[in-house]
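Chains A and B are the protein sequences, given in the same order.
Here the first sequence is numbered in my numbering, starting from 1 and rising by one per residue.
Here the second sequence is numbered in my numbering, starting from 252 and rising by one per residue.
Glycine included, each C-beta is placed from N, C-alpha and C at the ideal position.
This report concerns only the one structure given below.
Protein chains: 2
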Amino acid sequence: MSERIWTAALVVIGDEILSGRTQDKNVAQLASWLNVQGIRLAEVRVVPDVQDAIVEAVNALRVRNDYLFTTGGIGPTHDDITVDAIAVALGVSVVVHPQARAVLERHYETRGGLTDARLRMARVPEGADLIANRMSGAPGIRWGNVFILAGVPHITAGMLDALTGTLEGGLPVLSRTVGAWVAESEIAEMLGETERAHPGVSIGSYPFFREGKTGANFVVRATDAALVDRVVEALLGGLRAAGREPIEGGI
Amino acid sequence: MSERIWTAALVVIGDEILSGRTQDKNVAQLASWLNVQGIRLAEVRVVPDVQDAIVEAVNALRVRNDYLFTTGGIGPTHDDITVDAIAVALGVSVVVHPQARAVLERHYETRGGLTDARLRMARVPEGADLIANRMSGAPGIRWGNVFILAGVPHITAGMLDALTGTLEGGLPVLSRTVGAWVAESEIAEMLGETERAHPGVSIGSYPFFREGKTGANFVVRATDAALVDRVVEALLGGLRAAGREPIEGGI
Numbered sequence: 001m002s003e004r005i006w007t008a009a010l011v012v013i014g015d016e017i018l019s020g021r022t023q024d025k026n027v028a029q030l031a032s033w034l035n036v037q038g039i040r041l042a043e044v045r046v047v048p049d050v051q052d053a054i055v056e057a058v059n060a061l062r063v064r065n066d067y068l069f070t071t072g073g074i075g076p077t078h079d080d081i082t083v084d085a086i087a088v089a090l091g092v093s094v095v096v097h098p099q100a101r102a103v104l105e106r107h108y109e110t111r112g113g114l115t116d117a118r119l120r121m122a123r124v125p126e127g128a129d130l131i132a133n134r135m136s137g138a139p140g141i142r143w144g145n146v147f148i149l150a151g152v153p154h155i156t157a158g159m160l161d162a163l164t165g166t167l168e169g170g171l172p173v174l175s176r177t178v179g180a181w182v183a184e185s186e187i188a189e190m191l192g193e194t195e196r197a198h199p200g201v202s203i204g205s206y207p208f209f210r211e212g213k214t215g216a217n218f219v220v221r222a223t224d225a226a227l228v229d230r231v232v233e234a235l236l237g238g239l240r241a242a243g244r245e246p247i248e249g250g251i
Numbered sequence: 252m253s254e255r256i257w258t259a260a261l262v263v264i265g266d267e268i269l270s271g272r273t274q275d276k277n278v279a280q281l282a283s284w285l286n287v288q289g290i291r292l293a294e295v296r297v298v299p300d301v302q303d304a305i306v307e308a309v310n311a312l313r314v315r316n317d318y319l320f321t322t323g324g325i326g327p328t329h330d331d332i333t334v335d336a337i338a339v340a341l342g343v344s345v346v347v348h349p350q351a352r353a354v355l356e357r358h359y360e361t362r363g364g365l366t367d368a369r370l371r372m373a374r375v376p377e378g379a380d381l382i383a384n385r386m387s388g389a390p391g392i393r394w395g396n397v398f399i400l401a402g403v404p405h406i407t408a409g410m411l412d413a414l415t416g417t418l419e420g421g422l423p424v425l426s427r428t429v430g431a432w433v434a435e436s437e438i439a440e441m442l443g444e445t446e447r448a449h450p451g452v453s454i455g456s457y458p459f460f461r462e463g464k465t466g467a468n469f470v471v472r473a474t475d476a477a478l479v480d481r482v483v484e485a486l487l488g489g490l491r492a493a494g495r496e497p498i499e500g501g502i
């Protein structure tokens with residue numbers, strides 16, 4: 001069973017993430033959305049608002065993945081350089097997209113009009129299409145397999161909504177979780193053996209400390225639902241054999 | 252005034268981040284800690300639990316930064332492959348560190364003893380030193396400019412505490428924030444002019460939508476406190492001139 005695996009990468013553009021000022025939410029948001037589209041998030045890079053850094057990351061990742069997403073840096077201010085940097089990466093000019101201009105003209109009609117700064121948000125790499133933005137005026141941008149999204153998470157979410165169902169993907173990755181109040185080191189061998197015995201499945205082990213106790217969740221992932229179920233049964237049996245009552249669904 | 256800038260990169264190792272299951276907290280945590288050490292977080296990569304991906308990221312980033320940190324994948328289970336992958340990247344063997352073994356023997360003395368799975372956590376790239384872990388048994392690892400830390404955020408925090416003050420850095424980056432209830436597109440030109448007029452300073456503009464209103468915070472960063480203060484004064488004046496009452500400290 002050698003099914004085609006579709007992959008995506010994400011470049012998070014923003015000094016605010018690298019300075020620690022802002023907690024990124026777009027990695028988890030995009031990853032969850034991609035899972036549903038049958039696409040795996042294969043790699044993420046966080047780069048500063050510096051053209052060379054953006055160009056390097058975009059060009060490294062867009063050729064080895066089916067899709068490349070970026071978040072951040074598409075607003076109207078001087079530190080919003082994403083469109084220019086990606087145009088350099090793609091080797092094309094930056095042009096004002098007439099439809100984006102029309103959208104912004106409408107959006108700002110009752111908000112002081114379309115100034116030069118606002119018109120910046122209609123600029124796209126030549127040949128790009130737009131991604132609808134129901135939340136605020138400025139649209140996202142699609143150029144080939146490159147998707148340029150906003151950085152503010154609820155605007156990013158709206159753009160992902162607009163893209164739902166439009167990208168080709170494979171089988172969605174299914175997952176089930178089993179938890180137990182156990183130190184993962186106690187059942188590490190059983191976990192590894194269970195994974196090796198079931199090709200096509202991955203078992204992640206995620207320890208935590210809560211209420212003064214050690215526990216772990218074990219996440220079983222595969223594209224085949226019956227395989228996931230078999231591995232979950234094996235884990236339930238393995239945990240009980242170790243004297244640890246498993247908790248289906250995780251802790 | 253050309254001061255030496257010290258940089259660090261971070262490789263986050265973990266399928267759980269790329270699957271969207273777990274929200275990363277270590278980027279923001281490490282970034283904030285590095286700021287205090289006078290070191291800038293220059294780039295982050297999130298890679299899966301796959302040896303080739305870890306090797307590529309570690310080798311790309313450790314040569315072009317003063318320090319390279321990794322988080323995740325140093326536990327006792329089959330998916331914890333960080334130490335082996337980094338040893339491959341460094342071109343050295345993996346050995347059991349006698350002091351790490353002693354730490355684990357003590358830690359597990361009353362917890363069922365040091366099993367093979369637990370002994371995995373004493374393995375290090377040959378030539379490594381240990382980083383103390385007050386939280387749980389297994390230590391972090393330092394090899395040259397590479398720092399291998401835990402993925403569970405409060406354990407990572409303990410290891411960073413142990414490293415505080417031990418790394419050479421430059422002047423800490425200072426920052427002050429000014430907020431206003433304004434669409435950033437209204438004052439984009441003033442922001443850009445203010446930044447250009449003050450070499451050595453960066454002004455980040457971070458828009459948000461709250462209580463049905465549009466606002467933005469402007470973060471002024473530089474290593475020179477007097478310069479930061481001058482730019483904040485300029486921003487306060489610029490915002491008032493635009494008819495928007497600034498809020499010092501941000502919104």
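Exposed unless 16 or more other CB atoms sit within 10 angstroms - verdict on A:A102:
exposed
Looking at the C-beta of B:Y457, does it have a partner C-beta in chain A at a distance below 7 angstroms?
Closer than 7 angstroms to some Cβ of chain A, the Cβ of B:Y457 qualifies, so yes.
Is it buried or exposed for A:V219, if we count other Cβ within 10 angstroms and need 16 for buried?
Result: buried.
For A:M1, count neighbouring Cβ atoms within 10 angstroms of its own Cβ and tell me buried if that reaches 16, exposed if not.
Confidence at A:M1 is low in this model, with a pLDDT of 45, below 50, so its placement is unreliable and the value that follows should be read with caution. A:M1 is exposed by the Cβ-count criterion.
Does A:A180 have its Cβ less than 7 angstroms from a Cβ in chain B?
Chain B has no Cβ within less than 7 angstroms of the Cβ of A:A180.
What residue from A:T70, A:V55, A:E16 has the CA that sits closest to A:A9's CA?
A:T70
Here's a check: name, in chain order, each residue in its chain whose Cβ is nearer than 8 angstroms to the Cβ of B:P423, leaving out the five neighbours to either side.
N286, V287, Q288, G289, T474
Compute the distance between the beta-carbons of A:R244 and A:V182, then report whether it is under 7 angstroms.
yes
Measuring only the C-alpha atoms, how far is A:F277 from A:G250?
Given a span of 1 to 251 for chain A in the structure shown, any question on residue 277 of chain A remains unanswerable.
Ignore the nearest five residues each way along the sequence and tell me which others in B:L442's own chain have a CB closer than 7 angstroms to its CB.
I454, S456, F469
Using a C-beta to C-beta distance shorter than 8 angstroms, which residues of chain B count as neighbours of A:T70?
The contacting residues do not exist; A:T70 stays about 14 angstroms from chain B at best.
Within 9 angstroms of chain B by C-beta, residues of the stretch 92-103 of chain A in sequence order
Listed in sequence order: no entries.
Examine the Cβ distances between the stretch 158-174 of chain A and the stretch 138-149 of chain A and report whether three or more of them are shorter than 8 angstroms.
They touch, by the three-pair rule.
Interface partners of B:R369 on chain A, CB under 7 angstroms:
Chain A residues near B:R369: S185.
Can you tell me whether DSSP reads B:S456 as helix, strand or coil?
Residue state, collapsed to three classes: strand.
Using a C-beta to C-beta distance shorter than 8 angstroms, which residues of chain A count as neighbours of B:Q288?
None at all; the shortest Cβ gap to chain A is about 12 angstroms.
For B:V295, collect the residues of the same chain with a Cβ closer than 8 angstroms to its Cβ; drop the 5 residues on either side in sequence, then sort them by chain order.
Cβ within range, chain order: A260, L261, V262, V263, V278.
Of all the CB atoms in chain B, is at least one closer than 7 angstroms to the CB of A:E3?
False, the Cβ-Cβ gap to chain B never drops below 7 angstroms.
Coil, strand or helix - A:E126 by DSSP
In the structure shown, A:E126 falls within a coil segment according to DSSP collapsed to helix, strand and coil.
Report buried or exposed for A:A168, applying the criterion of at least 16 other Cβ atoms within 10 angstroms of its Cβ.
The residue you asked about is not Ala; residue 168 of chain A is Glu in the sequence shown. A:E168 is exposed by the Cβ-count criterion.
Distance check for B:I268 and A:G72, CA to CA, integer angstroms please.
19 angstroms
Thinking just about the alpha-carbon of each residue, which of B:A373, B:S387, B:L381 is nearest to the one in B:H405?
B:S387
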